[in-house]
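Note sheet for the following structure.
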Amino acid sequence: MVRVRFAPSPTGPLHIGGVRTALYNYLFARKHGGTFILRIEDTDQVRYVEGAEDYIMDSLEWCGIKVDEGIREDGPHGPYRQSDRKEIYRKYAEELVSKGDAYYAFDTPADLEQLRTSYEKRGDTFIYNGGSRNNLVNSLSLPEEDWKERISRGESHVIRYRMPVNEDIHCDDLIRGHIVVNSSTLDDKVLFKADGMPTYHLANIVDDHLMEITHVIRGEEWLPSLPLHFMLYRSFGWNAPEFAHLPLLLKPDGKGKLSKRDGDKMGFPVFPLYWPYGETARGYKEDGYYPEAFINMLALLGWNPGTEQELFSLQELVNAFSIDRVHKAGSRFDPEKAKWFNHQYLVRHSDTELAMQFREELRSRGFHYDLPELEELVKMVKERISFVKDLWTETDFFFIAPEKFDEEVIRKRWKEETPAQLAELRAVLDGIKDFTPAITEAEVKNWIASKGYNTGSIMNALRLVVVGASRGPHIFDIICWLGREKTIERIDRGISILGK
RNA sequence: GGUCCAUUCGUCUAGUGGUUAGGACGUCAGGUUUUCAUCCUGGUAACAGGGGUUCGAUUCCCCUAUGGACUACCA
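All you need for my numbering is the position in the first sequence, starting with 1, plus 3.
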């Protein structure tokens, strides 16, 4: 039975890299008929941010990633928040001490900091491990009655893992294969902090064991601690789960991990939802992305099915997903492709649905229209937009007669004879009984031909007075949607403003 | 600095010893649309470098380079 977990830390808004990690865990669980668990790792009391926990859960919900066991849904392995599990960790740390695989250390952070800088000055690196622990203040270097006295006195202390000396640690990763690290390059990591909380390393291993996690799928930033985690499982005598370390999401340009700064700089969100606290951040949802498009885009960043299919529903992703098709190298995030995905999903939405959303937007702008009219509009422009909000920018001139007229177009299209021709056209339009695109187009073209006018100059001048610029759908679709009256109004207005 | 991981078009990637190195995004050109866009067609563009192994390496091994992660009583 597959059991996986997504274990974020509530230190701020959930980054899209985190969303992808959650997604891959979810896909893997669903693919194998397993369970997807959300565990909140809030053992750092200092970095805890109010609201982050709800943000994480709301984000997953928006994405359609359903949690099977977690804070909101509860489950048989709770609680699912580490601060609520506080009581269980100390005894595991003590268990390791009694086994001789961990020890008490009394060095203060200030002492260690000083050591680090003095080593650095000499060009050395300070490592708290088998090479140095005997010269430091801990239960391995101190006489037994001394360190026992310190503990009973309540002296501040931590519990550190006793990393073996010069032993090759062999680990396996589902994505990266076999990895060997010599234990002497590793340090005696703190497992239990002086504040009574476990560190990530301890809490993570204990909870994964207690929650019967079978596969740990997490970001590549955890790869360096994989040997430690292997050792912890060994010390506890537990079977280790399978591990898979996902490649990182990189900046679209330049170097390094994708960060909030990149989004701000290049104009795209780095978070799924709007983050309302402190330094606010925009979200994909509020930017107008469909969750399906967002998820689809994210899924293909670092994984692919080996076929040429690019558009996947969540269910299709579940069916196609496999961990061994996850790419090894980090992937640069491409905001342009994200837009393309959204466009693909937008055009697949029905005209009616888009029209309903558009109607809401128009209402907020003070315009009230019926659905069928708006559906006509949607039909005209949906192919050329990526977001629902683009409906307005593409069709604003349908609702507001142009205030300004494009200078470039005026220069090219507004000739001496234009006002007179448009006045004639006005009369022609006025005489058309059935004001539909097909009939209007035919009548107007007949008139142009009979007069020997130049089609291009008439059509473009008409577009100029109706739209104000050289853009928009087919001109006859535009004027027929507007109706005869408004079209004529705009012609009159254009002639009076642009004159001759 | 140390440890570990990675390296195919600008970007996401396919490819597991013999391919004209394929697709998508972007970009460019042509066609369509007497607007703009869409759409269609086509083009551009990649195996980081050097050694091996092999009849033959993008593919296997080593070195170098480059990039990345980690190096906290943070996760």
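Beta carbons: idealized from backbone N, C-alpha and C, even for Gly.
(message) Considering only the alpha carbon of each residue, which of Tyr122, Gly36, Pro201 and Thr120 lies closest to tyrosine 95?
(response) Pro201
(message) Our contact map puts tyrosine 131 next to leucine 139 with C-beta atoms below 8 Å; I'd like the distance itself, whole angstroms only.
(response) 7 Å
(request) Note the first and the last residue of the continuous alpha helix (DSSP H) segment covering tyrosine 92. (result) Going by DSSP, tyrosine 92 is part of the alpha helix (DSSP H) stretching over 89-101.
(request) Please go through the same chain and pick out, in chain order, the residues whose beta-carbon is closer than 7 Å to the beta-carbon of proline 255, but skip the five residues on each side of it. (result) Apart from sequence neighbours up to five positions away, the residues of its chain that approach proline 255 with a beta-carbon distance below 7 Å are Asp265, Met269, Arg335, Phe336, Asp337 and Pro338, ordered along the chain.
(request) Identify the continuous alpha helix (DSSP H) that holds threonine 24 and give its terminal residues. (result) 19-34
(request) Rounded to whole angstroms, what's the CA-CA distance from proline 272 to alanine 32? Just pull it up for me. (result) 28 Å
(request) Tell me alanine 284's beta-bridge partners as DSSP assigns them. (result) Trp278
(message) Within 10 Å of its beta-carbon, does arginine 50 have 16 or more other beta-carbons around it, so buried, or fewer, so exposed?
(response) exposed
(request) Mind checking which residues open and close the alpha helix (DSSP H) that includes threonine 396? (result) 393-402
(request) With a threshold of 16 other CB atoms inside 10 Å of the CB of isoleucine 43, please say whether the residue is buried or exposed. (result) With 16 or more Cβ atoms within 10 Å of its Cβ, isoleucine 43 is classed as buried.
(request) List the DSSP bridge partners of tryptophan 306. (result) Per DSSP, Val329.
(message) Just verifying my parser: in three-state terms, what is the DSSP assignment at glycine 180?
(response) strand
(message) Do serine 316 and histidine 346 have their beta-carbon atoms positioned less than 9 Å apart in this structure?
(response) no
(request) Keeping to the same chain, check which residues put their C-beta closer than 8 Å to that of aspartate 77; ignore five residues upstream and five downstream. (result) Tyr83
(request) Find the nearest neighbour of tyrosine 92 within the set Leu145, Trp484, Leu177 and His204, judged by alpha-carbon distance. (result) His204
(request) Would you mind reading off the limits of the alpha helix (DSSP H) that contains histidine 218? (result) It is not in any alpha helix (DSSP H) - histidine 218 instead sits in the beta strand (DSSP E) that spans 218-222.
(message) Output needed for glutamate 379: all residues of its chain with C-beta closer than 7 Å, excluding positions within five of it in sequence on either side, in chain order.
(response) Trp484
(message) If I measure Cβ to Cβ from leucine 231 and keep anything under 8 Å in the same chain, skipping five residues before and after, which residues do I get?
(response) Answer for leucine 231: Tyr164, Met166, Leu189, Lys192 and His204, listed in chain order.
(request) My understanding is that threonine 217 touches valine 384, with C-beta atoms under 8 Å, so please give their C-beta distance in whole angstroms. (result) Wrong, their Cβ atoms sit about 49 Å apart, outside the cutoff.
(request) Please state whether DSSP places isoleucine 564 in a helix, a strand or coil. (result) Coverage of the chain is limited to positions 4 through 503, which leaves residue 564 absent and any answer about it impossible.
(message) Suppose you measure from the CA of lysine 89 to the CA of arginine 387; what does that come to, to the nearest Å?
(response) Straight-line spacing of the CA atoms in lysine 89 and arginine 387 works out to 54 Å.
(message) Let me confirm a value: lysine 196 is counted as buried when at least 16 other C-beta atoms fall within 10 Å, else exposed. Which label applies?
(response) buried
(message) Just to confirm the assignment: which complete beta strand (DSSP E) runs, minimum length 3, are found wholly within the segment 149-198?
(response) 161-164, 171-176, 180-185 and 193-195
(request) Output the boundary residues of the beta strand (DSSP E) element that contains histidine 248. (result) 245-249
(request) Could you give the DSSP three-state label for tyrosine 122: helix, strand or coil? (result) helix
(message) So, with DSSP's three-state summary, where would you put serine 353?
(response) Looking at serine 353 - three-state DSSP - the assignment turns out to be coil, as it is neither helix nor strand.
(request) Excluding the 5 residues preceding and the 5 following serine 473 in the sequence, name in chain order all residues of the same chain whose CB lies nearer than 6 Å to its CB. (result) Here the set comprises Val412.
(message) By the three-class DSSP mapping on this structure, what secondary structure does leucine 213 have?
(response) helix
(request) Identify, in the order they occur along the chain, each residue of the same chain with its Cβ nearer than 6 Å to the Cβ of alanine 10, setting aside the five sequence neighbours on each side. (result) Close CB contacts of alanine 10 within its chain, under the 6 Å cut and outside five residues either way in sequence, are with Arg42 and Glu44 (chain order).
(request) Would you mind working out which of Asp127, Tyr122 and Trp278 sits nearest glycine 54, comparing C-alpha positions? (result) Trp278
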